[in-house]
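The opening position of the sequence shown corresponds to residue 13 in the working numbering, with each subsequent residue numbered one higher.
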Amino acid sequence: MASDMVMPGPICLIESKEGQLMVKQEALEILSAITQPVVVVAIVGLYRTGKSYLMNKLAGKRKGFSVGSTVQSHTKGIWMWCVPHPEKPGHTLVLLDTEGLGDVEKVDDKNDTQIFVLAILLSSTLVYNSMSKIDQGAIDLLHNVTELTDLLRSRKSPDLGDANDIVSFFPDLVWTLRDFYLSLETDGQLMTADEYLENSLKTKQGSDQRTQTFNLPRLCIQKFFPTKKCFVFDSPTHKKLSQLETLQDDELSLEFVQQVAEFSSHIFTKSKIKTLPGGIKVTGPRLENLVLTYVSAINSGDLPCMENAVLALAQRENSAAVQKALAHYDELMVRKVQLPTETLQELLDLHMASEREAIETFTKNSFKDEDQSFQKELQTLLDAKQKDICKQNEEASSDRCSVLLQDIFGPLEEEVKQGLYSKPGGHHLYLQKTEELKKKYHQQPRKGTQAEEALQKYLKSKESVSNAVLQTDQALTAKEKETKEARVKAEAAKAEAERLEAARRQNQQMMEQRERLHQQQIRQMEIERANFLAQQQREQKRRLQEEAERLRLAHTAELSRCQDQIQHLQRTMSEPQAPQCIIL
Numbered sequence: 013m014a015s016d017m018v019m020p021g022p023i024c025l026i027e028s029k030e031g032q033l034m035v036k037q038e039a040l041e042i043l044s045a046i047t048q049p050v051v052v053v054a055i056v057g058l059y060r061t062g063k064s065y066l067m068n069k070l071a072g073k074r075k076g077f078s079v080g081s082t083v084q085s086h087t088k089g090i091w092m093w094c095v096p097h098p099e100k101p102g103h104t105l106v107l108l109d110t111e112g113l114g115d116v117e118k119v120d121d122k123n124d125t126q127i128f129v130l131a132i133l134l135s136s137t138l139v140y141n142s143m144s145k146i147d148q149g150a151i152d153l154l155h156n157v158t159e160l161t162d163l164l165r166s167r168k169s170p171d172l173g174d175a176n177d178i179v180s181f182f183p184d185l186v187w188t189l190r191d192f193y194l195s196l197e198t199d200g201q202l203m204t205a206d207e208y209l210e211n212s213l214k215t216k217q218g219s220d221q222r223t224q225t226f227n228l229p230r231l232c233i234q235k236f237f238p239t240k241k242c243f244v245f246d247s248p249t250h251k252k253l254s255q256l257e258t259l260q261d262d263e264l265s266l267e268f269v270q271q272v273a274e275f276s277s278h279i280f281t282k283s284k285i286k287t288l289p290g291g292i293k294v295t296g297p298r299l300e301n302l303v304l305t306y307v308s309a310i311n312s313g314d315l316p317c318m319e320n321a322v323l324a325l326a327q328r329e330n331s332a333a334v335q336k337a338l339a340h341y342d343e344l345m346v347r348k349v350q351l352p353t354e355t356l357q358e359l360l361d362l363h364m365a366s367e368r369e370a371i372e373t374f375t376k377n378s379f380k381d382e383d384q385s386f387q388k389e390l391q392t393l394l395d396a397k398q399k400d401i402c403k404q405n406e407e408a409s410s411d412r413c414s415v416l417l418q419d420i421f422g423p424l425e426e427e428v429k430q431g432l433y434s435k436p437g438g439h440h441l442y443l444q445k446t447e448e449l450k451k452k453y454h455q456q457p458r459k460g461t462q463a464e465e466a467l468q469k470y471l472k473s474k475e476s477v478s479n480a481v482l483q484t485d486q487a488l489t490a491k492e493k494e495t496k497e498a499r500v501k502a503e504a505a506k507a508e509a510e511r512l513e514a515a516r517r518q519n520q521q522m523m524e525q526r527e528r529l530h531q532q533q534i535r536q537m538e539i540e541r542a543n544f545l546a547q548q549q550r551e552q553k554r555r556l557q558e559e560a561e562r563l564r565l566a567h568t569a570e571l572s573r574c575q576d577q578i579q580h581l582q583r584t585m586s587e588p589q590a591p592q593c594i595i596l
């Protein structure tokens, strides 16, 4: 969790009200602040079976989630409690206490299915809490997983066998049996709680409808929860359930206290980080997005498709990664760039360095941008920023040069107004002064890329002043005037040519820079595509190897079974047959 984030108690994450699920904003804000990977433990089961007591123990508290003793269900919707993981530093344990299933006050059981769906989709460990023993009623209640299969099954693959793709999304199952009164033994042999669970989920031989009805929920539980664990709990005390949270451990059954400790230890050490396809670890913000996506789908009547949830999560995270990269780019440019730069290349070099860091920032924060659409979007935005910063550089250069020209040439303009050059030879002095001021202007630092163009525009705007001085210069001969005018025009033409040449070089630099960037992007995309194809080939090879190994093992098993049958038939045939009597 964030260093300053402490939850003193649970809060409502998803409220169930009038057939609709509502996500609570306060809970989302807490999730958004959790930057660590999360281990999500959810508990489901019939109402009034003590689910909340176990969750309080996992939170390390005696009180927190509501514990009641009446026939009325206390927990409504899904409540959340985020605490630092007691065994895994740098991780957050997210506890989800769900509304009790089978509440008689409900109009229908649609809400039960929705809560059950969300508990499975959001958790990495699912605790199924039932009373006394594993019986057909408890198995049928958990058989909601078959309805969940209908909800999660791909529209393109409606067969149950195609649900293999989603098994990896399912959490580990921990079955807890409260007030367990049976002896853990069979045929006089002691068994563990896990063996009791496996024995209870065994299927029967036969193909009749009754056998199929018996086997279906067991097959589904075995299929969707390959990792299972069972804990049994003795009755904690003869006192009422509502008093449990007020009792010290020495006031409870010693066996019950030890059983709760073993259960808690298993959850702390064996529960996994919530992950997405590709081994992506879920953090608080990602869990927040999953909650919003699943609840929105359920409320709209759509299938809460896990693939769509991952795509929605990728859309949000990659959009945020683009914005984060752009913000990092802006921060770097503000810190490094002082407009105007002396040359265009100086600015482009700074842009390229900041662009590289921005792309690295995106790569670190992006999520499943497999077609690189968001990276391409980022590149487009960075190109636009390059154009914008170049334009700002030109404007800053123009503004800087305008101020310099006014400071340097302002005194000359004032002298002209005062008539200091209205005398024989005055025009020559005026031009001489102008050249001196031009040299002074050129010596000024950080004028930017528009330095020459701004100077030429200024001089051109003052041609009328120069002409006026020239007209008043009566001491000059017509030949001298023509010579001087020719020189002025030649200088102006040269300056214009220099300005055009400077503009041409600037455009050439920008075109060359864009071409280099384009080639770099092409090379980078080719490398990334080659890496992606290589990864696909390796994955395909691995899957083929796994399938070959599976077929080999199946063939070996079938061969062994056939050999056992042959040996059995041989033994049967070798045994003497009892004489048969015919009764008339």
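Here a beta-carbon is modelled for each residue, glycine too, at the ideal position from N, C-alpha and C.
Should E465 go down as buried or exposed, given a rule of 16 or more other Cβ atoms within 10 Å for buried? Label assigned to E465: buried.
Taking Cβ to Cβ, would you say I132 is nearer than 8 Å to P183? Yes, Cβ-Cβ distance for I132 and P183 is below 8 Å.
Kindly give me the distance between the Cβ atoms of L25 and V303, rounded to whole angstroms, as I take these residues to be in contact under 8 Å. With 8 Å as the limit, L25 and V303 qualify as a contact, their Cβ atoms being about 7 Å apart.
Any 3 or more C-beta pairs closer than 8 Å across the segment 135 to 142 and the segment 279 to 286: Yes, the segment 135 to 142 is in contact with the segment 279 to 286.
Are the CB atoms of Y341 and K397 nearer to each other than 8 Å? Result yes, Cβ atoms of Y341 and K397 sit closer than 8 Å.
Cα-Cα, which of E329, A365, A324 is closest to E343? It is A365 whose Cα lies nearest to the Cα of E343.
CA-to-CA distance, T215 to R222, given in whole angstroms: Looking at the two C-alpha atoms, the distance is approximately 12 Å.
Provide the residue span of the beta strand (DSSP E) that contains R458, from first to last. Taken as a continuous stretch (DSSP letters only), R458 belongs to no beta strand (DSSP E), as it is neither H nor E.
Give the range of the beta strand (DSSP E) segment to which L25 is assigned. Membership of L25 in the beta strand (DSSP E) is indicated by the continuous run 23 to 29.
I'd like to confirm the pairing. Which residues does DSSP put opposite F243 in its beta bridges? In DSSP, F243 forms a bridge with T188.
If F374 sits next to L325, beta carbons under 8 Å apart, how far is it from one beta carbon to the other, in whole angstroms? F374 to L325, Cβ: 16 Å. No contact.
Q577, buried or exposed, once every other Cβ within 10 Å from all chains shown has been counted against 16: Looking at its Cβ environment, which holds fewer than 16 other Cβ atoms inside 10 Å, Q577 is exposed.
What's the C-alpha gap between L417 and L467? Cα to Cα, L417 sits roughly 7 Å from L467.
Residues of its chain near A71, where Cβ-Cβ distance is below 7 Å and the 5 sequence neighbours each way are ignored: Once the five neighbours on either side are set aside, the close Cβ partners of A71 are W93, V95, L107.
Span of the alpha helix (DSSP H), counted from its first residue to its last, around D395: First-last of the alpha helix (DSSP H) with D395: 385 to 429.
Per-residue burial, T225 [other beta carbons within 10 Å of its own, 16 or more giving buried]: Result: exposed.
Separation of L390 from E508, as counted between CA atoms: Their backbone Cα atoms lie some 40 Å apart in a straight line.
DSSP state of K284, grouped into three classes? K284 carries a coil assignment under DSSP once its states are collapsed to helix, strand and coil.
For R167, is the classification buried or exposed, using 16 other Cβ atoms within 10 angstroms of its Cβ as the cut-off for buried? In this predicted model, R167 has a pLDDT of only 36, less than 50, meaning its place in the structure is not dependable enough to derive any value.
Where T198 sits in the DSSP three-state scheme: T198 falls in the strand class under three-state DSSP.
Among M143, K145, L154, which one has its Cα closest to the Cα of I127? Closest option to I127, Cα to Cα, is L154.
Ignore the nearest five residues each way along the sequence and tell me which others in E540's own chain have a CB closer than 8 Å to its CB. In the same chain as E540, and ignoring 5 residues on each side of it, the C-beta atoms closer than 8 Å to its own belong to Q384, in chain order.
G57 - containing alpha helix (DSSP H), residue span: Taken as a continuous stretch (DSSP letters only), G57 belongs to no alpha helix (DSSP H), being part of the beta strand (DSSP E) at 50 to 57.
Could you give the first and the last residue of the continuous beta strand (DSSP E) run that contains D109? 104 to 110 is the extent of the beta strand (DSSP E) around D109.
Counting C-beta neighbours from all protein chains within 10 Å, is the total for S169 16 or more, i.e. buried, or is it exposed? Per-residue confidence for S169 stands at a pLDDT of 38, beneath the threshold of 50, marking its modelled position as unreliable; the derived number appears in the next sentence. Under this definition S169 is an exposed residue.
Leaving out five residues before and five after A333 in sequence, what residues of the same chain have Cβ atoms less than 6 Å from its Cβ? Around A333: F374, N377, S378.
Exposure of F544, with buried meaning 16 or more beta-carbon neighbours within 10 Å: Under this definition F544 is an exposed residue.
Does DSSP classify I90 as helix, strand or coil? I90: strand per DSSP, three-state reduction.
Based on the DSSP output, what are the partners of K293 in its beta bridges? T287, per the DSSP bridge assignment.
V139 - containing beta strand (DSSP E), residue span: Where V139 is concerned, the enclosing beta strand (DSSP E) starts and stops at 137 to 143.
When we look at the beta-carbon of K63 and count the other beta-carbons within 10 Å, is it buried (16 or more) or exposed? By the neighbour-count rule (16 or more Cβ atoms within 10 Å), K63 is buried.
Among Y442, L356, P423, which has the Cα closest to the Cα of R526? Residue L356 holds the alpha-carbon nearest to the alpha-carbon of R526 among Y442, L356, P423.
By how many angstroms is the C-alpha of K88 removed from the C-alpha of G149? Cα to Cα, the separation comes out at about 23 Å.
According to DSSP, is P229 part of a helix, a strand, or is it coil? For P229, the secondary structure class from DSSP, reduced to helix, strand or coil, is helix.
Please report how far the alpha carbon of S308 lies from the alpha carbon of T110, in whole angstroms. Rounded to whole angstroms, S308 to T110 spans 18 Å at the Cα level.
Need the endpoints of the alpha helix (DSSP H) that M364 sits in, please. It spans 356 to 377 - the alpha helix (DSSP H) in which M364 sits, taken as one unbroken run.
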